[in-house]
Amino acid sequence: MKTILSCPICTQEIYLGHRFCIHCGARLDPLAALKLSIQGIGHPEFPFLDPVYSPGSRIPCRDFSGFIAECLQANDTQTVARLFRYLIAGNPGLGVGDDWASDLVGEVSALPLSQYMQTGYSLVIHEIKALLILAGLGGGPRQFHITDGIPDHIARALSCHHITWLPAIAELHEKVNRFIRKMRREAPFWKEFPLIKKGRLLNFSLPESELRTLLENFSPSVRTLALSITEDFRWSIPKSISYGNRRFGINPEEAAAVIEITDLCEHPDAPPEILLKAWERDRFIQHCNNLGIETKSSWSKSRLLDELLQWNPELIEQSVRRESAVRLNPKYIEDMKRIKDHARFIEDHIKALISL
Ligand SMILES: [Zn+2]
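Numbering (my numbering), first residue to last: 38 to 393.
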């Protein structure tokens, strides 16, 4: 999926690869264009960070992995390092400053991944590097990123891609295991941490499928989220986004909208009243204000809902859809099982790449 940006001069839509705006001719700074394209969704002081979480937790306000991958493909590590510095600006690290941002970006972008894997589509390698860079937002040496759900997140994000693993990856499996054995001697946390099983099969056959193509068109974070939607899912899409997803950057509203225009999920019919549970009173008031409805402080949530239903039934219909539980479209159940198996299969290989 190509990242769509806004030209900082004329605000028209542009793509990252453009050096100059195709509409007004202005010279483009990719980061300035990215910043404009996320206007209003980020933190008021830290525009690339989530407005809800504390800036110190370094939660991006959306999935920047596509942007980072495209920059890496264009050999523009400087822009990636600048973005990373913005992402850690609320908490650069005690006494160390933000110099480590460039070091991390430089190190990951130079990893010789093609010695260990091949993909039919060159952007995939850059996508993996982008995810390894975002994993670095948690701080700490890279070897430690084999914990904390990071390999699982990355594996799910990559599970729709055909990847051929090369025999050399076995050396990296051994390297991960040496690290785990060493940590087992030093810290109780690692005692139960599983070793990578040696002699495991290198490759997994992933047949072409409609679902695979659908997932490929999502951003990596939306793919990870899509893999958590099951046949008996009990949550709405925005509500099902975990903290683990958030750490790599995902905007719940955008993610829900992206999934909703596909046929990935089905919505069982839900009545407008589900909004009474899903929304705080402020949310009703805000919608009323936007529509110019005068509200009274004595009005209950159901009174506010009645007003909104009268004034803008489409808004309520859309919101009910957004807030209601979804389930996986039955036609994708079989293929989804295969893709999830693939995600579990590549998890150890991801640990290997992390330890590189
Ligand atoms: Zn322009």
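Note that the Cβ used here is the ideal one computed from N, Cα and C, for glycine as well. Because the structure is a prediction, the values reported are computed rather than measured.
Three-state class that DSSP yields for residue i in the structure shown
i	result
Ser102	helix
Tyr90	coil
Ile200	strand
Pro97	strand
Arg122	helix
Trp137	helix
Lys234	coil
Gln180	helix
Pro244	coil
Cys108	helix
His324	helix
Thr332	coil
Thr267	coil
Phe83	coil
Ser279	coil
Phe285	coil
Lys338	helix
Gln355	helix
Option nearest residue i by Cα separation, candidates the options
i	options	result
His386	Ile41, Met154, Asp300	Met154
Ile274	Ser258, Arg122, Val363	Val363
Leu264	Ile191, Val145, Gly62	Ile191
Val133	Asn349, Ser159, Gly177	Gly177
Val295	Glu245, Thr267, Arg359	Arg359
Asp378	Phe241, Leu312, Glu268, Lys338	Phe241
Gly175	Pro225, Ile96, Tyr158, Val357	Ile96
Ala194	Pro225, Leu160, Leu252, Gln180	Leu252
Arg179	Leu160, Leu148, Ala207	Leu148
Arg260	Pro204, Asn288, Trp348	Asn288
Ser160	Glu208, Phe83, Asn254	Correcting the residue type first, residue 160 is Leu in the shown sequence and not Ser. Closest option to Leu160, Cα to Cα, is Asn254.
Phe181	Ile162, Phe226, Glu245	Phe226
Ile164	Ala106, Leu352, Thr267	Here residue 164 turns out to be Glu, not Ile, going by the sequence shown. Out of Ala106, Leu352, Thr267, Ala106 has the C-alpha closest to the C-alpha of Glu164.
Tyr158	Arg340, Gln110, Trp336	Gln110
Gly236	Glu245, Leu209, Ser258	Leu209
Ile266	Asp87, Lys374, Ala389	Lys374
Gln355	His324, Arg340, Ser337, Thr332	His324
Gly305	Ala389, Glu268, Ser339	Residue 305 is actually Pro in this sequence, not Gly. Minimum Cα distance to Pro305 is reached at Glu268.
Leu13	Glu247, Arg340, Leu262	No answer is possible for residue 13: it lies beyond the span of the chain, which begins at 38 and ends at 393.
Glu317	Leu301, Lys338, Glu297	Lys338
Lys388	Thr332, Ile322, Ala172, Ala315	Ala172
Cβ shell of residue i (< 8 Å), same chain only, five flanking positions each side left out
i	result
Ile51	Ile41, Leu42, Ser43, Cys44, Cys58, Ile59, His60, Leu65, Ala70
Arg249	Cys197, Leu243, Asp372, Ile376
Ala63	Cys44, Pro45, Ile46, Cys47, Phe57
Gly93	Gly127, Asn128
Sheet register partners of residue i (DSSP bridge)
i	result
Tyr52	Ile41
Leu365	Cys302
Phe57	Arg64
Met154	Trp202
Cut-off 6 Å between Cβ atoms - residues of its own chain near residue i, not counting five sequence neighbours on either side
i	result
Glu303	Arg364, Asn366
Phe230	Ile217
Gln49	His60
Glu290	none
Contacting residues, own chain, Cβ-Cβ under 7 Å from residue i (five flanking each side not counted)
i	result
Thr114	Val142, Gly143, Ser146
Ile311	Val357, Glu360, Ser361
Leu68	Thr116, Arg119, Leu120
Ser334	none
Trp272	Ala362
Leu15	Here the chain covers residues 38 to 393 and nothing more, so residue 15 does not appear.
Review point. Would you call the segment 175 to 187 and the segment 365 to 372 in contact, with 3 or more CB pairs under 8 Å?
Key: No, they do not touch.
Exercise for review: Could you tell me whether the segment 126 to 144 touches the segment 276 to 285, where touching means 3 or more Cβ pairs closer than 8 Å?
Suggested key: no
Practice item. Would you be able to state if there are at least three C-beta pairs under 8 Å between the segment 341 to 353 and the segment 210 to 219? Key: no
Practice item. Evaluate contact between the segment 163 to 175 and the segment 99 to 107, counting only Cβ atoms and requiring at least three cross-stretch pairs below 8 Å. Key: At 8 Å Cβ cutoff, the stretches touch.
Practice item. Please determine if the segment 130 to 146 and the segment 71 to 83 are in contact, where contact requires at least 3 C-beta pairs separated by less than 8 Å. Key: no
Check your understanding: If we count Cβ pairs, one from each stretch, closer than 8 Å, do we get three or more for the segment 193 to 200 versus the segment 378 to 385?
Key -> yes
Review point. Counting Cβ pairs closer than 8 Å, one from the segment 328 to 341 and one from the segment 280 to 300, do we hit at least three?
Key: Judged by Cβ distances under 8 Å, the segment 328 to 341 makes no contact with the segment 280 to 300, as fewer than three pairs qualify.
Review point. Listed by chain order, which residues have C-beta atoms less than 6 Å from any heavy atom of ligand 3?
Key: Among the ligands modelled here, namely ligand 1, ligand 3 does not occur.
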